[in-house]
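Enquirer: A single structure is presented below for examination.
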Amino acid sequence: MPPFKTVCASKKFPMIPECPLEGAGGGRRKRSLTCFLRARACLTGTIRPMAKRVSSLKQAVQLVEQADTCLVVCHLNPDGDTLGSGLALYHGLRSLRKHTVRLLCHDPVPELYRFLPGSEAIETAQQSVTVYDLALVCDMSQLSRAGRHEPLVRAARRILQIDHHVPQEPFADVRLVDTSAAATAEIAYRLLRALRVAFTPEIATCLLTGIVTDTFSFKFPNTTPRTLRIAAHLQSCGANISEINEQVFETRSFSAVKLLGLALSTLRRTEDGRIAWAVIPRSAFEEAGASEEETEGIVNFVRSIHGVQVAMLLRESPNRKIRVSLRSRGAINVALIAQRFGGGGHENAAGCTLEMSLNEAEQVLLQEVQQWMACSTSTNPSA
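Heads up: the sequence shown begins at 41 in this note's numbering, then just goes up one per residue.
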């Protein structure tokens, strides 16, 4: 297994972590932004003391082996990667005979992921603050993504971050962060192998679901030879990729399909056809009888339009905030666009939340994306 890249304290400024070298192809802009965010975290006191140490797979294994009580936390608005990774770790830790293993998520498991083995064990209710030996945080670059369970994570004796996003807040004692991984499930796989956990069909199904959802069934450019090797091994351990694809991509409720139709009826694009977007106001959710979780995958329909390089889906949440999903093709890094609004994600898939009206958000985002693409074109005329 390839080693994780390391992060060390800066020699010049020992209290501020060096810009990370996790993964491949980060680029100077991405690295400098991460440096700034980490420096700000240090200055505001959100960095944990041990987070300044070098992180490695070996250290992560030591943390798990030394812990008797473990807390696994998935991020709010859960997707297949955070749920698949969290459930695989939950099953794996239980197989290691830990005294206590709990799995928490701020939001309920979306219906399309309830086929995952053990999903009924995920707890959502706010817990009294108990000090666990180890909190394992899945698929989060910011601890605020833990929602109501953030205080419980911060109270743990040690925090292990397992993620494939560019870090935005150095909250963990040990970080397993690899931005070249297609999914956090890839990293959870490597950790479970290092712990010598037996890969049951249940664990394999959870991990493969995480990989399948974050690669859009191996169609996204984040799919690597390593991704395919891991997927092949998980299939040999009992995961059924056909059933996973059927559950995740081919099965929808009546209300979800009705919402898809309402969303696509708002479809628009720029004159040059490079940017396309759709919007979902609260009235559409009410008309379809649909929930927010049933918007998953709609943005990919927008992205599939011939000639579209950036796709956007704007949806109005119950608290009237606007949740935005961004997708792109090629070298356009929508994660950097999302970061402009306090969000994040990956080069070709990202998101953010805006506190303004739906119309305002539409105008602001369109202007930002157009400016970004104009800059990209001027620096790379062949784009």
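All residues carry an ideal CB built from backbone N, CA and C; glycine is no exception.
Source: prediction; values computed, not measured.
Write down the C-beta distance between Ile251 and Ala225 rounded to the nearest angstrom, noting that I regard them as a contact closer than 8 Å.
Expert: About 5 Å; that satisfies the 8 Å criterion.
Enquirer: Got a sec, what are the start and stop residues for the alpha helix (DSSP H) Thr267 sits in?
Expert: Its alpha helix (DSSP H) spans residues 265-276.
Enquirer: Assign Glu387 to buried or exposed, taking buried as 16 or more other Cβ atoms, counted over all protein chains shown, within 10 Å of its Cβ.
Expert: Buried, by the Cβ-count rule.
Enquirer: How many Å lie between Ser323 and Ser96 at the Cα?
Expert: About 48 Å.
Enquirer: Using DSSP's beta-bridge definition, name the partner residues of Arg198.
Expert: According to DSSP, which records beta bridges pairwise, Arg198 is partnered with Leu174.
Enquirer: Excluding the 5 residues preceding and the 5 following Ile315 in the sequence, name in chain order all residues of the same chain whose CB lies nearer than 6 Å to its CB.
Expert: Here the set comprises Val350, Val409.
Enquirer: Can you tell me whether Glu408 is helix, strand or coil according to DSSP?
Expert: It is helical.
Enquirer: In the DSSP assignment, the beta strand (DSSP E) including Arg363 goes from what residue to what residue?
Expert: Unbroken beta strand (DSSP E) run through Arg363: 362-368.
Enquirer: Can you tell me which of Leu302, Phe260, Arg355, His115 puts its alpha carbon nearest to the alpha carbon of Ala221?
Expert: Answer by Cα proximity: Phe260.
Enquirer: Does Val348 come out as helix, strand or coil in the three-state DSSP assignment?
Expert: Coil at Val348, not helix or strand.
Enquirer: Put Val113 into one of helix, strand or coil per three-state DSSP.
Expert: Strand at Val113.
Enquirer: Counting Cβ pairs, one atom from each stretch, are 3 or more of them under 8 Å apart for the region 164-181 and the region 124-132?
Expert: The region 164-181 vs the region 124-132: in contact.
Enquirer: What are the start and end residues of the beta strand (DSSP E) that includes Ala234?
Expert: Looking at the DSSP string, Ala234 is not in any beta strand (DSSP E); the run it does join, the alpha helix (DSSP H), is 224-234.
Enquirer: Going by DSSP in three states, Gly301 sits in which element: helix, strand or coil?
Expert: In this structure, Gly301 counts as helix in the three-state DSSP scheme.
Enquirer: Give a yes or no on whether the C-beta atoms belonging to Cys114 and Leu123 are separated by under 8 Å.
Expert: Taking 8 Å as the Cβ cut-off, Cys114 and Leu123 qualify as a contacting pair.
Enquirer: Based on Cα-Cα distance, which residue from Glu151, Tyr172, Ser184, Leu192 lies nearest to Gln166?
Expert: Of Glu151, Tyr172, Ser184, Leu192, the residue nearest in Cα terms is Leu192.
Enquirer: What runs of the alpha helix (DSSP H), each 4 residues or longer, lie entirely inside the region 103-149?
Expert: As far as the region 103-149 is concerned, its whole alpha helix (DSSP H) runs of at least 4 residues are 120-135.
Enquirer: DSSP state of Val237, grouped into three classes?
Expert: Three-state result, Val237: coil.
Enquirer: Let me know the secondary structure DSSP gives Glu400 once reduced to three states.
Expert: Of the three classes helix, strand and coil, the one that applies to Glu400 here is helix, per DSSP.
Enquirer: For Asp173, which of Arg185, Leu133, Gly313, Arg367 has the nearest alpha-carbon?
Expert: Answer by Cα proximity: Leu133.
Enquirer: Less than 8 Å between the C-beta atoms of Ile199 and Thr245, yes or no?
Expert: Cβ atoms of Ile199 and Thr245: not closer than 8 Å.
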